[in-house]
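According to the UniProt record's numbering, the residues represented by the sequence shown are 1 to 590, in order.
Just so you know, even glycine gets a beta-carbon here, dropped at the ideal spot from N, CA and C.
A short worksheet on the structure shown next.
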Amino acid sequence: MTTRAKSTKTNASKRVVKTAKVDALKIEIEHLDIQKIQSDPLQPRKTFDEKLLNELAESIKAHGVLQPITVRSSVDGYIIVMGERRFRASKLAGLETIPCMVKEYSGNDIMEVQIIENLQRQDVEPTEEADAIAYLSEKYEPSEIARRLGRTDHFIRQRLKLAGLIEGFKHFVRSGEMSLKQAVKVGLFEPQEQALMLESIGEDFNVYLIDRLIQEQSFDLDRAPFDVENKTLIENVGACVTCPFNAANQGHLFGEGKMICTKAICYETKKRKVFTNLIEQAKQENILLIPEIRKYWVSDQNNQLIISELEKSGIKVYLLDDLEVVEKPEEPTLELLKEKYRHYDYTDEELQKDLDEALKEYQEEHQKYNSAIDNGFVKGIVFHPETYRFKDCYAKIKDVEASDSSSHTIPVSERRMADCTPEEQIIKIKEREQRKQHIENNKLFGQAISEIREAGYIDLDKALSKDEMIAITISLFENNVSYIQQQKYHLEFFGNTSKMSKEEIYKDFRTHFKKEMFNKLIRYLLIKQVHFGESNHTNNLTNIAFYQAMKGFYKAEMESTEQEFEKETLARAARIQERIVKLEQKAQAE
Numbered sequence: 001m002t003t004r005a006k007s008t009k010t011n012a013s014k015r016v017v018k019t020a021k022v023d024a025l026k027i028e029i030e031h032l033d034i035q036k037i038q039s040d041p042l043q044p045r046k047t048f049d050e051k052l053l054n055e056l057a058e059s060i061k062a063h064g065v066l067q068p069i070t071v072r073s074s075v076d077g078y079i080i081v082m083g084e085r086r087f088r089a090s091k092l093a094g095l096e097t098i099p100c101m102v103k104e105y106s107g108n109d110i111m112e113v114q115i116i117e118n119l120q121r122q123d124v125e126p127t128e129e130a131d132a133i134a135y136l137s138e139k140y141e142p143s144e145i146a147r148r149l150g151r152t153d154h155f156i157r158q159r160l161k162l163a164g165l166i167e168g169f170k171h172f173v174r175s176g177e178m179s180l181k182q183a184v185k186v187g188l189f190e191p192q193e194q195a196l197m198l199e200s201i202g203e204d205f206n207v208y209l210i211d212r213l214i215q216e217q218s219f220d221l222d223r224a225p226f227d228v229e230n231k232t233l234i235e236n237v238g239a240c241v242t243c244p245f246n247a248a249n250q251g252h253l254f255g256e257g258k259m260i261c262t263k264a265i266c267y268e269t270k271k272r273k274v275f276t277n278l279i280e281q282a283k284q285e286n287i288l289l290i291p292e293i294r295k296y297w298v299s300d301q302n303n304q305l306i307i308s309e310l311e312k313s314g315i316k317v318y319l320l321d322d323l324e325v326v327e328k329p330e331e332p333t334l335e336l337l338k339e340k341y342r343h344y345d346y347t348d349e350e351l352q353k354d355l356d357e358a359l360k361e362y363q364e365e366h367q368k369y370n371s372a373i374d375n376g377f378v379k380g381i382v383f384h385p386e387t388y389r390f391k392d393c394y395a396k397i398k399d400v401e402a403s404d405s406s407s408h409t410i411p412v413s414e415r416r417m418a419d420c421t422p423e424e425q426i427i428k429i430k431e432r433e434q435r436k437q438h439i440e441n442n443k444l445f446g447q448a449i450s451e452i453r454e455a456g457y458i459d460l461d462k463a464l465s466k467d468e469m470i471a472i473t474i475s476l477f478e479n480n481v482s483y484i485q486q487q488k489y490h491l492e493f494f495g496n497t498s499k500m501s502k503e504e505i506y507k508d509f510r511t512h513f514k515k516e517m518f519n520k521l522i523r524y525l526l527i528k529q530v531h532f533g534e535s536n537h538t539n540n541l542t543n544i545a546f547y548q549a550m551k552g553f554y555k556a557e558m559e560s561t562e563q564e565f566e567k568e569t570l571a572r573a574a575r576i577q578e579r580i581v582k583l584e585q586k587a588q589a590e
């Protein structure tokens, strides 16, 4: 027997020494007493799935610990550097010793090694992962962390924002109630603003409420009423393009190049400065400053504040109803039309026809704009009362006497008849008559619908007419597409309707209606109607029909995806079968 063998046999009660090749180097793997090993209190990983731990413990009972853990020496024994999960499962399995590689590390190296080891696993809890990456960020730039971990810069920046969540929101992430996408967006805000959001939603997480709060507290800088490159708009604040609260400077967390401000107080301050600058410009240049407010919305609280501030500043307030406004038209181009109708299958001839019509309208509007001064118009600025976005225009007062004598601060409709001037009494009488006519129209419409229902309209054996297709298209649009989705997918559905009545909107829509508009809407609704969760394309009638319909468009792509899933399914089945065979063999042996 060799000296080495004798030594090993002599120390068998303490530990068994084996040799393994790791990275082409021989490293001793020692079977250490499991009671002399401790968890690292600074271990970045804090949560472990109990079910998975028990499954690993069963595997260890059957096959042993296949991969040794890494430990470092301490005064009382050893401290785990890598392998916390295997250590815990081994204790559950009742092992007395566990294979270990003993290494020496400096203080900072230990944490870095543990972080890297944990981040290479698939089951790391996201908030713990974020805290670990935040620890590394004290020493390294995000790009260097990404390089060391083999991740993208975007991923690292997202996790850094996740680390910035206050504990209340981290709880919702860990419970699975809050998506990582939502969590990252909330993490963009300062802790004080996060605390206000958390207080608003209460104890029970509400996905829709948090989305609304994020939207209310974040601002699209592409639609800001001020120049985002202006460094002097507010003293000692600087330009938005270089601001750290611009999401584009935090890893494009709202999308590539998307500039979103997450510091509400700063954005509102700059907005306010725009408003005061507009007032000063109007007074100095003696031009009309026109809020985009109509009489119908004059009683709105925000509109009342705007009107009051304008009047206190010495600005004569005219509503849109008081004026005829001419704005500089935008010249249409074939490229703009192609972008406008990008979702429609228009031919070159149809596009050219639309362009010819648009150019004709443009020339008429441009002529009116150029001759505005000669026709009694004066220079003006029209602005939105909430966003303060503004544009130059020409305006002409429709009725000087009525406009001068009316009070916009207290709407005519809210004053008693006896408190109104004769002109205002005429307005009230007309409004009352308008209301009565509205009631009569309601009665007429209700009676007509009742008669149509009784006349067997549903059972008509005829193809749908164009007007019926238009009716169902508008009905589906208004009743099934939310405002946000209208802005995202169907912005040009009705065209420019800001100055049209409902009847005018319908007539214009009917004139320009094409079946492609109906097809696009139906396809949008098809996508929205599918079911997720436990429902899929094999057990739900709606999903089956949709899945088969989509194969007509994306057959190759869908077959490729199906093959990938089938490959994974077969691999999983093979692994399960292998495990079953081993268990059967074990059962037979016993």
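Using the rule of at least 16 other Cβ atoms within 10 Å of the residue's Cβ for burial, across every protein chain shown, is glutamate 203 buried or exposed? exposed
Buried or exposed for arginine 416, going by 16 or more other Cβ atoms inside 10 Å? exposed
Rounded C-alpha distance that separates glutamine 38 from glutamate 193: 40 Å
Please classify glutamate 568 as buried or exposed, where buried requires at least 16 neighbouring CB atoms within 10 angstroms. exposed
How far does the beta strand (DSSP E) with isoleucine 522 in it reach, from first residue to last? That residue, isoleucine 522, is in no beta strand (DSSP E); its alpha helix (DSSP H) goes 515-529.
Applying the criterion that 16 or more other CB atoms from any shown protein chain within 10 Å of the CB defines a buried residue, is glycine 94 buried or exposed? exposed
Can you tell me the Cβ-Cβ gap for glutamine 158 and valine 184, rounded? I've got them flagged as a contact below 8 Å. 5 Å
Quick check on the DSSP output: the alpha helix (DSSP H) that includes alanine 163 runs from which residue to which? 153-163
Are serine 313 and lysine 283 touching if we call contact CB-CB under 9 Å? yes
Taking the alpha carbon of isoleucine 287 as the reference point, which residue from Arg85, Glu584, Lys379 and His531 has its own alpha carbon closest? Lys379
Any chance you could list the beta strand (DSSP E) runs of at least 3 consecutive residues sitting entirely within the segment 324-400, in chain order? 378-383 and 390-397
Three-state secondary structure (DSSP) at valine 81? strand
Enumerate in chain order the residues of its own chain whose CB-to-CB distance from valine 382 is below 7 Å, with the five nearest sequence positions on each side excluded. Ile290, Glu292, Val325, Phe390, Lys391 and Cys393
Output the boundary residues of the beta strand (DSSP E) element that contains methionine 178. Per DSSP, methionine 178 belongs to no beta strand (DSSP E) and is neither H nor E.
Give me the Cα-Cα distance between alanine 448 and glutamate 386, rounded to the nearest whole angstrom. 41 Å
At the level of alpha carbons, what is the spacing between proline 191 and glutamine 367? 54 Å
Buried or exposed: where does histidine 63 fall if 16 or more other Cβ atoms within 10 Å of its Cβ makes it buried? exposed
Hey, is the segment 151-169 in contact with the segment 131-138, meaning 3+ C-beta pairs nearer than 8 Å? yes
Taking lysine 263 as the reference, which of Leu278, Gln577, Leu460 and Val237 has the closest Cα? Val237
Taking proline 99 as part of the alpha helix (DSSP H), name the residues at either end of that continuous run. From DSSP, proline 99 is part of no alpha helix (DSSP H) but of the beta strand (DSSP E) over 97-102.
Secondary structure of aspartate 300, DSSP reduced to three states: coil
C-alpha distance - asparagine 370 paired with alanine 463, whole-angstrom precision: 49 Å
What separation, rounded to the nearest whole angstrom, lies between the Cα atoms of glutamate 177 and leucine 209? 13 Å
Roughly how many angstroms lie between the CA atoms of leucine 172 and glutamate 129, to the nearest whole one? Position check: residue 172 holds phenylalanine in this sequence, whereas leucine was assumed. C-alpha separation (whole angstroms): 15 Å.
How long is the line joining the alpha carbons of residue 649 and asparagine 375, rounded to whole angstroms? As shown, the chain starts at 1 and ends at 590. That puts residue 649 outside it, with no answer to give.
Do the CB positions of alanine 247 and isoleucine 234 come within less than 9 Å of each other? no
With burial defined as no fewer than 16 other Cβ atoms inside 10 Å of the residue's Cβ, what is the status of lysine 356: buried or exposed? It is worth fixing the name first, because residue 356 is aspartate in this sequence and not lysine. So aspartate 356 counts as exposed.
Using a threshold of 9 Å, state whether the C-beta atoms of leucine 198 and phenylalanine 245 are closer than that. no
Could you give the first and the last residue of the continuous beta strand (DSSP E) run that contains proline 291? 288-291
Do the CB positions of asparagine 398 and leucine 278 come within less than 9 Å of each other? Looking at the sequence itself, residue 398 is lysine, so the reference to asparagine does not match. No, Cβ-Cβ distance for lysine 398 and leucine 278 is not below 9 Å.
I'd like to confirm the pairing. Which residues does DSSP put opposite glutamine 548 in its beta bridges? Bridge partners of glutamine 548: none, in fact.
What first and last residue would you give for the alpha helix (DSSP H) that runs through threonine 276? 264-285
Is DSSP giving glutamine 67 helix, strand or coil here? coil
Determine the direct distance from the alpha carbon of methionine 517 to that of threonine 542, and round the result to whole angstroms. 23 Å
Which word fits arginine 147, buried or exposed, when buried means at least 16 other C-beta atoms lie within 10 angstroms of its C-beta? exposed
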